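J.:
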Amino acid sequence: MRVAVIGLGKAGLPLAAVIADSGIEVVGVDLDPKKCEMVNSGRNPIPEEAGLDELIAKHGGTRLKATPKYEDAADCSAYIVIVPLLLDELKNPDFSILESAFRGVGRILKKGDIVVLETTVPPGTTETLVKEWLEEESGLELGEFYLAYSPERIMTGYSISRLREFPKVIGGVNEESGERAYDLYSKFIPNLHLVSNARTAEFIKVIEGCYRDVNIALANELFKIAEELGIDFYEAREKANHEYCHIHLPSTGVGGHCIPVYPWFLIREMEKREKFNHARLLRVSRELNDEMINYWAEKIVLECMKVDKPLSEVKICIRGITFRKGVKELYHSRNLALARLLVEKGLDVGVHDELFTQKEVEELGLRWREPGEADVVFDCFELKIFTG
Ligand SMILES: NC(=O)c1ccc[n+]([C@@H]2O[C@H](COP(=O)([O-])OP(=O)(O)OC[C@H]3O[C@@H](n4cnc5c(N)ncnc54)[C@H](O)[C@@H]3O)[C@@H](O)[C@H]2O)c1
Ligand SMILES: CC(=O)N[C@@H]1[C@@H](OP(=O)(O)OP(=O)(O)OC[C@H]2O[C@@H](n3ccc(=O)[nH]c3=O)[C@H](O)[C@@H]2O)O[C@H](CO)[C@@H](O)[C@@H]1O
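The sequence shown lines up with residues 4 to 391 when you count with the working numbering.
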């Protein structure tokens, strides 16, 4: 059998490599021809992913063949789709990338094939939109092909170990699809759980993100209260946490492609159904986390006011602009948003990030500054303000 993985990004490539490493032939379809070339020559385009270098060197171009053309995957019998789903400016899911990927699969779909979606989506997406796109494009009806959903639960940097150890759930749009998808995934995922249906599997992933967002909002709120009361939050947190209490870590807010996005799937769906009160906590948590940059900006300005210079001449350095430490990714980065907010306030802000070069920072429209050349340094990951 041959399996196609559609989308060789931070989530899709580790999955494709793990499937290939289990002995199955994989065709990776990605619109980016440069990425395909790299994979086929055994070079890993995601160097921060532990263990991926070895797998790509071993299977790239042999058991794992990458291509920008869907037609090259026409002789596969299983199609796993993992391309991004972003939010539009009104925070509604923008399905355009997913639609184009499924229409691509629909054009080469054959009787008996199985299709599995892994991208995080609003519950109900697989059984409605995805089914329609595939049926329209292939001329087949569900039953002639099988359709399921299994959320990707990796974390960039730890994806290979997560795929091999972390529990993974899978659910079909009907019973037969669920069973077939379970049999397929059992060949390369050791810790696999079949759930009632695709909608439940979709919900599981979304609520995991909601749990983190709400709990991080709580941690941020408690941090602010602790500061106000003159209490060391971290000391208190360490002693407060036990089996039944897990207070998360405070931050400049929640960034990345995942956690700030998923609550909106439920918020917008409840709004559509006019159930406004069903998603109030989710909405408030989003606001609290996004507003953390205002809290930190105020603290930084107060520190700048202690420097013996006019405020606009105080040299500030924002250290760390990625959405989390160690991952070169700026999507919804609150650290980057904080730097931009301080610039908008007319302050002399430079940034420093060990994952970026000066040129890359300048291309973002920001100034590069070494921490040693600043009067006030804010470390976005340590949440510490230093004076120079
Ligand atoms: N990265 C993570 O930590 C993570 C974790 C869990 C779940 N996910 C899920 O995975 C999804 C994808 O995330 P990612 O981090 O891999 O994104 P990414 O941006 O790293 O990669 C997406 C890849 O898809 C390719 N692509 C785009 N449109 C395509 C199309 N029509 N056909 C084929 N290829 C196409 C792009 O060229 C790119 O290589 C997310 O939306 C999320 O739902 C990601
Ligand atoms: C731990 C984990 O499995 N996570 C994954 C997550 O991965 P991720 O790459 O988005 O990273 P996270 O660590 O979750 O951080 C997100 C943002 O939250 C901030 N944060 C975090 C913890 C905290 O206590 N206080 C905070 O403020 C942090 O700074 C950053 O901005 O999403 C994936 C995609 O769905 C999921 O597989 C999965 O849930």
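Heads up, the beta-carbon is just placed ideally off N, CA and C, and yes, glycines get one too. Every value quoted in this text rests on a predicted model; they were computed, and no experiment measured them.
1. Per the contact definition of three or more C-beta pairs closer than 8 Å, is the segment 58–75 in contact with the segment 235–244?
2. Where do the N-terminal and C-terminal ends of the alpha helix (DSSP H) with I219 fall, by residue?
3. Looking at the secondary structure, which residues open and close the beta strand (DSSP E) in which V84 lies?
4. Near S44, what residues of its chain come up, given a Cβ to Cβ distance below 8 Å and the 5 sequence neighbours on each side ignored?
5. Among the residues of its own chain, which have a CB less than 8 Å from the CB of E385, if the five just before and after it don't count?
6. What did DSSP end up calling E385 once you bin it into helix, strand or coil?
7. Within 10 Å of its beta-carbon, does I228 have 16 or more other beta-carbons around it, so buried, or fewer, so exposed?
8. Put R167 into one of helix, strand or coil per three-state DSSP.
9. Hey, is V172's beta-carbon within less than 8 Å of any beta-carbon in chain C?
10. Any contact between the segment 259–266 and the segment 197–216? By contact I mean 3 or more CB pairs, one from each, below 8 Å.
11. Quick one: measure Cβ to Cβ for V317 and D378, integer angstroms, because I've assumed they're closer than 8 Å.
12. Taking only heavy atoms of ligand 1 into account, decide whether any of them is closer than 7 Å to the Cβ of M41.
13. Could you name each continuous alpha helix (DSSP H) segment of 4 residues or more that falls completely within the segment 18–77, going from the start of the chain to the end?
14. What do you reckon, is the C-beta of M158 under 7 Å from a heavy atom of ligand 1?
15. Output needed for L195: all residues of its chain with C-beta closer than 7 Å, excluding positions within five of it in sequence on either side, in chain order.
16. Please find out if some non-hydrogen atom of ligand 2 comes closer than 7 Å to the beta-carbon of H251.
17. Alpha carbon to alpha carbon, what distance is there between R276 and G323?
18. Relative to the alpha-carbon of E205, which residue among E51, T129 and C79 has its alpha-carbon at the smallest distance?
19. Hey, would you say the C-beta of S254 is under 7 Å away from at least one heavy atom of ligand 2?
20. Using 8 Å as the Cβ pair cut-off and three pairs as the minimum, do the segment 34–48 and the segment 108–118 touch?
21. Between the alpha carbons of L58 and D24, how many angstroms are there, rounded?
22. Around the Cβ of Y149, are there at least 16 other Cβ atoms within 10 angstroms (buried) or fewer (exposed)?
23. Do three or more CB pairs link the segment 44–53 to the segment 153–167 at distances below 8 Å?
24. Mind reading off the beta-carbon distance from L339 to L333? Whole number of angstroms is fine, and I expect it under 8 Å.
25. Do you know how far the Cα of F191 is from the Cα of R165?
26. Below 6 Å CB to CB, which residues in the same chain sit around P126 once its five sequence neighbours on both sides are set aside?
27. Taking Cβ to Cβ, would you say T325 is nearer than 8 Å to L369?
28. Can you tell me the Cβ-Cβ gap for G109 and W136, rounded? I've got them flagged as a contact below 8 Å.
29. Would you say I111 and A81 are within 8 Å of each other, going by their C-beta atoms?
30. Where does V119 sit, in a helix, a strand or coil, going by DSSP?
31. My understanding is that I319 touches C307, with C-beta atoms under 8 Å, so please give their C-beta distance in whole angstroms.
32. Return the chain-ordered list of same chain residues with a C-beta closer than 7 Å to the C-beta of S336, the five sequence neighbours on each side being excluded.
33. What I want to know is whether the C-beta of F206 ends up closer than 7 Å to one or more non-hydrogen atoms of ligand 2.
34. Please name the residue, chosen from L143, Y152 and L11, that lies closest to V86 on a Cα-to-Cα basis.
35. Below 8 Å between beta carbons: does that hold for E155 and L18?
36. Between the alpha carbons of I83 and K61, how many angstroms are there, rounded?
T.: Result, derived from the coordinates:
1. Short answer: they don't touch.
2. Against the sequence shown, residue 219 aligns to sequence position 216. Counting along the chain, the alpha helix (DSSP H) containing I219 begins and ends at A201 to L232.
3. Numbered from 1 along the sequence shown, position 81 holds the residue referred to as residue 84. Its beta strand (DSSP E) spans residues A81 to V84.
4. Walking along the sequence shown from the start, residue 44 turns up at place 41. Cβ neighbours of S44 beyond the five flanking positions: G63 and G64.
5. Position 382 of the sequence shown holds residue 385. Cβ within range, chain order: n/a, list empty.
6. Here residue 385 is taken as the residue at index 382 of the sequence shown, counted from 1. Here E385 sits in coil by DSSP.
7. The count along the sequence shown starts at 1 and reaches residue 228 at position 225. The residue in question, I228, is exposed, as its Cβ has fewer than 16 Cβ neighbours within 10 Å.
8. To locate residue 167, count along the sequence shown from 1; it is residue 164. It is helical.
9. This model lacks chain C altogether, as it is built from one protein chain only.
10. Three or more Cβ pairs drawn from the segment 259–266 and the segment 197–216 lie within less than 8 Å of each other, which places the two stretches in contact.
11. Position 314 of the sequence shown, counted from the start, is the residue given in the question as residue 317. Position 375 of the sequence shown, counted from the start, is the residue given in the question as residue 378. Beta-carbon to beta-carbon, V317 and D378 are separated by about 5 Å, close enough to satisfy the 8 Å threshold.
12. Counting from one through the sequence shown, the residue named residue 41 turns up at place 38. Closer than 7 Å to some heavy atom of ligand 1: that does not describe the Cβ of M41.
13. Within the segment 18–77, the complete alpha helix (DSSP H) runs of at least 4 residues are 36–43 and 55–62.
14. As a working mapping, residue 158 is identified with position 155 in the sequence shown. Flag set: Cβ of M158 near ligand 1.
15. Taking the sequence shown and counting its residues from 1, the one referred to as residue 195 is at position 192. If we look at L195 and ignore the five residues flanking it on each side, its Cβ neighbours are K171, I173, Y185, Y188 and S189.
16. Mapped onto the sequence shown, residue 251 falls at position 248. Yes, ligand 2 has a heavy atom inside 7 Å of this Cβ.
17. Counting from one through the sequence shown, the residue named residue 323 turns up at place 320. Counting from one through the sequence shown, the residue named residue 276 turns up at place 273. Distance between the alpha carbons of G323 and R276: 40 Å.
18. If you number the sequence shown from 1, residue 205 lands on position 202. Residue T129 is the option with its Cα nearest to E205.
19. On the sequence shown, residue 254 is found 251 positions in, with the first residue counted as 1. Ligand 2 approaches S254 closely enough that one of its heavy atoms is under 7 Å from the residue's Cβ.
20. Below 8 Å, too few C-beta pairs join the segment 34–48 and the segment 108–118 to call them touching: fewer than three.
21. Along the sequence shown, read from residue 1 onward, the residue named residue 58 stands at position 55. Along the sequence shown, read from residue 1 onward, the residue named residue 24 stands at position 21. Cα to Cα, the separation comes out at about 7 Å.
22. Reading the sequence shown from its first residue, position 146 is the one you call residue 149. Result: buried.
23. Touching, per the Cβ criterion.
24. As a working mapping, residue 339 is identified with position 336 in the sequence shown. As a working mapping, residue 333 is identified with position 330 in the sequence shown. Confirmed, about 5 Å.
25. For the purposes of this step, residue 165 is identified with residue 162 of the sequence shown, where counting begins at 1. For the purposes of this step, residue 191 is identified with residue 188 of the sequence shown, where counting begins at 1. When rounded, the distance between both Cα atoms is 12 Å.
26. What you label residue 126 is simply residue 123 of the sequence shown in a count that begins at 1. The beta carbon of P126 is closer than 6 Å to those of R202, E205 and F206 in its chain, skipping five residues each way along the sequence.
27. Locating residue 325 in the sequence shown gives position 322, where the first residue counts as 1. Locating residue 369 in the sequence shown gives position 366, where the first residue counts as 1. Not in contact: T325 and L369 (Cβ atoms no closer than 8 Å).
28. Along the sequence shown, one-based indexing puts residue 109 at 106. Along the sequence shown, one-based indexing puts residue 136 at 133. Here G109 really is in contact with W136; their C-beta atoms are around 6 Å apart, less than 8 Å.
29. Position 108 of the sequence shown, counted from the start, is the residue given in the question as residue 111. Position 78 of the sequence shown, counted from the start, is the residue given in the question as residue 81. When the beta-carbon positions are compared, I111 and A81 stay at least 8 Å from each other.
30. The residue given as residue 119 occupies position 116 in the sequence shown. In the structure shown, V119 falls within a strand segment according to DSSP collapsed to helix, strand and coil.
31. Counting from 1 along the sequence shown, the entry for residue 319 is found at position 316. Counting from 1 along the sequence shown, the entry for residue 307 is found at position 304. Indeed they touch by this definition, with Cβ atoms about 7 Å apart.
32. For this step, residue 336 is matched to residue 333 along the sequence shown. The answer, listed in chain order, is G258, I324, T325 and F326.
33. Stepping through the sequence shown from its first residue, residue 206 is reached at position 203. The answer is no for F206.
34. Here the question's residue 86 lines up with position 83 in the sequence shown. Cα-wise, what sits closest to V86 is L11.
35. Sequence index remark: in the sequence shown, residue 155 carries index 152 (1-based). Sequence index remark: in the sequence shown, residue 18 carries index 15 (1-based). Yes, they are a contact pair.
36. To locate residue 83, count along the sequence shown from 1; it is residue 80. To locate residue 61, count along the sequence shown from 1; it is residue 58. One alpha carbon belongs to I83, the other to K61, and they sit about 22 Å apart.
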